[in-house]
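Protein chains in written order, with the numbering used here: chain G, 30 to 135; chain Y, 30 to 240.
Virtual Cβ for every residue (Gly too), placed ideally from N, Cα, C.
Notes follow the structure.
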Amino acid sequence: MPDYDNIRQQHDMGGLDKGPVVPSAHEIELWEKQVEAIMRLLSMRKDRIVTVDELRRGIEELPPELYDTIGYYERWIMSLSNILVEKGVLDRAELDARVQELEAAE
Amino acid sequence: MPHDDPHAHDHDHAPIEADGPQGYYQHLAAATRSLLIEKGVFSAGDMRAIIEKIDERSPALGAKIVARAWTDAGFRERLLAEGKKAIEAEMDIDAVAADIVVVENTADVHNVVVCTLCSCYPVFILGRPPDWYKSYAYRSRAVRDPRGVLREFGTEIDPAREVRVHDSTADMRYLVLPMQPEGTEGWPEDKLVEIVTRDTMVGTAEVRAAG
């Protein structure tokens with residue numbers, strides 16, 4: 030029988046044991062709401078630029094070590110931006126340049 | 030939690046599930062947003078409007094649906110048959126994306142909802158999911174040891190009752206119709222609404238009559 034626990038992907042955690050559930054009261058931050066809003070705006074359009082399934086596929090494609098060390102909406106924006114580049118909506122160089130501008134402006 | 034140098038601390042690298050300011054990703058989000066706005070994909074006003082629309086969704090909407098189902102047998106039947114259709118047509122709630130399947134708790138069955146692969150949740154009916162719903166602990170263990178997980182919420186399900194766990198998908202969201210507690214028969218809808226909490230509609234708690 031295949032060793033499913035070792036061949037499963039990082040996101041596929043149903044049935045594993047990742048410890049006790051800790052109820053937490055994290056207040057969503059504005060930038061996180063904005064990431065969520067970008068996703069909704071792209072997926073709710075008639076031409077569905079990015080679908081929910083694609084968002085998830087993009088999250089599942091993140092390297093396991095990254096998946097585990099970044100936050101929830103950080104995974105979303107990584108996936109979203111990758112898919113937008115993949116579809117040619119955004120250009121990688123232009124996106125990187127904009128990120129650098131924002132970093133420089135701090 | 031800044032982690033510019035991930036090796037500057039000496040503890041194990043536990044998964045970081047909480048969100049905090051981490052420069053790069055915020056900049057990536059801002060860059061993506063500003064470029065999409067410049068390209069005319071959507072406007073800043075569209076962003077504001079959708080954020081407001083999500084902000085106004087909360088478990089109170091779900092509670093209204095539950096209270097209606099408890100007091101109107103016809104609605105209950107239609108809700109269980111075609112959740113999204115009944116909610117949109119009869120409750121005047123725009124459920125937006127994804128199909129909604131309503132699962133009913135009974136004396137024999139208790140239902141629990143999870144999304145093992147991600148965090149799919151009926152956001153437009155219950156508001157944004159709580160962090161624990163997105164946590165690795167809940168996602169991994171809800172399907173393996175649901176009664177144990179429920180105990181961590183202080184919820185003990187009688188061993189005689191079956192526990193059914195529903196794994197959500199991007200296209201299919203579940204809403205639990207909890208059992209109406211004894212002693213609340215005949216209560217008006219607006220009073221029933223107040224005892225229906227978020228967790229009772231995810232299945233990690235049962236409705237208790239107040240007082």
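Given a cut-off of 8 Å on the beta-carbon distance, is the pair residue i and residue j in contact?
| i | j | result |
| --- | --- | --- |
| residue 151 of chain Y | residue 122 of chain Y | no |
| residue 141 of chain Y | residue 175 of chain Y | yes |
| residue 233 of chain Y | residue 179 of chain Y | yes |
| residue 204 of chain Y | residue 103 of chain Y | no |
| residue 89 of chain G | residue 40 of chain G | yes |
| residue 208 of chain Y | residue 225 of chain Y | no |
| residue 193 of chain Y | residue 149 of chain Y | no |
| residue 162 of chain Y | residue 103 of chain G | no |
| residue 48 of chain G | residue 127 of chain Y | no |
| residue 46 of chain G | residue 173 of chain Y | yes |
| residue 230 of chain Y | residue 70 of chain G | no |
| residue 206 of chain Y | residue 125 of chain Y | no |
| residue 42 of chain G | residue 168 of chain Y | yes |
| residue 108 of chain Y | residue 98 of chain Y | yes |
| residue 118 of chain G | residue 131 of chain Y | no |
State yes or no: is the beta carbon of residue i nearer than 8 Å to at least one beta carbon in chain G?
| i | result |
| --- | --- |
| residue 61 of chain Y | yes |
| residue 163 of chain Y | yes |
| residue 195 of chain Y | no |
| residue 104 of chain Y | no |
| residue 80 of chain Y | yes |
| residue 57 of chain Y | yes |
| residue 261 of chain Y | The requested residue 261 of chain Y is not part of the displayed model; chain Y covers only 30 to 240. |
| residue 145 of chain Y | yes |
| residue 230 of chain Y | no |
| residue 208 of chain Y | no |
| residue 166 of chain Y | yes |
| residue 120 of chain Y | no |
Judging by CA-CA distance, which residue of the options is the nearest neighbour of residue i?
| i | options | result |
| --- | --- | --- |
| residue 138 of chain Y | Y:202, Y:58, Y:186 | Y:186 |
| residue 105 of chain G | G:74, G:36, G:124, G:66 | G:66 |
| residue 181 of chain Y | G:44, G:118, G:52, G:47 | G:52 |
| residue 212 of chain Y | Y:238, Y:107, Y:153 | Y:238 |
| residue 79 of chain G | G:123, G:120, G:109, G:133 | G:109 |
| residue 153 of chain Y | Y:73, Y:107, Y:74, Y:85 | Y:85 |
| residue 217 of chain Y | Y:100, Y:183, Y:170 | Y:100 |
| residue 57 of chain G | Y:70, Y:83, Y:73, Y:59 | Y:83 |
| residue 227 of chain Y | Y:191, Y:160, Y:171 | Y:160 |
| residue 131 of chain G | Y:220, Y:219, Y:57 | Y:57 |
| residue 38 of chain G | G:72, G:94, G:73 | G:94 |
| residue 99 of chain G | Y:210, Y:220, Y:221, Y:164 | Y:164 |
Measure the alpha-carbon distance for residue i versus residue j and round it to whole angstroms.
| i | j | result |
| --- | --- | --- |
| residue 96 of chain G | residue 111 of chain Y | 36 Å |
| residue 101 of chain G | residue 215 of chain Y | 43 Å |
| residue 93 of chain Y | residue 50 of chain G | 28 Å |
| residue 50 of chain Y | residue 196 of chain Y | Because residue 50 of chain Y carries a pLDDT of 44, less than 50, the predicted location of this residue cannot be relied on, and the following value inherits that uncertainty. Each residue's alpha carbon lies about 31 Å from the other. |
| residue 189 of chain Y | residue 144 of chain Y | 25 Å |
| residue 60 of chain G | residue 61 of chain Y | 12 Å |
| residue 183 of chain Y | residue 146 of chain Y | 25 Å |
| residue 64 of chain G | residue 135 of chain G | 20 Å |
| residue 129 of chain G | residue 107 of chain G | 16 Å |
| residue 158 of chain Y | residue 199 of chain Y | 14 Å |
| residue 120 of chain Y | residue 81 of chain G | 25 Å |
| residue 124 of chain G | residue 136 of chain Y | 55 Å |
| residue 81 of chain Y | residue 86 of chain G | 27 Å |
| residue 122 of chain G | residue 59 of chain Y | 15 Å |
Counting only beta-carbon separations shorter than 8 Å, does residue i have a partner in chain Y?
| i | result |
| --- | --- |
| residue 109 of chain G | yes |
| residue 93 of chain G | no |
| residue 44 of chain G | yes |
| residue 112 of chain G | no |
| residue 81 of chain G | yes |
| residue 121 of chain G | no |
| residue 78 of chain G | yes |
| residue 66 of chain G | yes |
| residue 47 of chain G | yes |
| residue 41 of chain G | yes |
| residue 127 of chain G | yes |
| residue 69 of chain G | yes |
| residue 75 of chain G | no |
Would you say residue i touches the ligand MG, meaning its beta carbon is less than 7 Å from a heavy atom?
| i | result |
| --- | --- |
| residue 229 of chain Y | Within the structure as shown, the ligand MG is missing, as the structure has no ligands at all. |
* Evaluate contact between the segment 59-72 of chain Y and the segment 105-121 of chain G, counting only Cβ atoms and requiring at least three cross-stretch pairs below 8 Å. => yes
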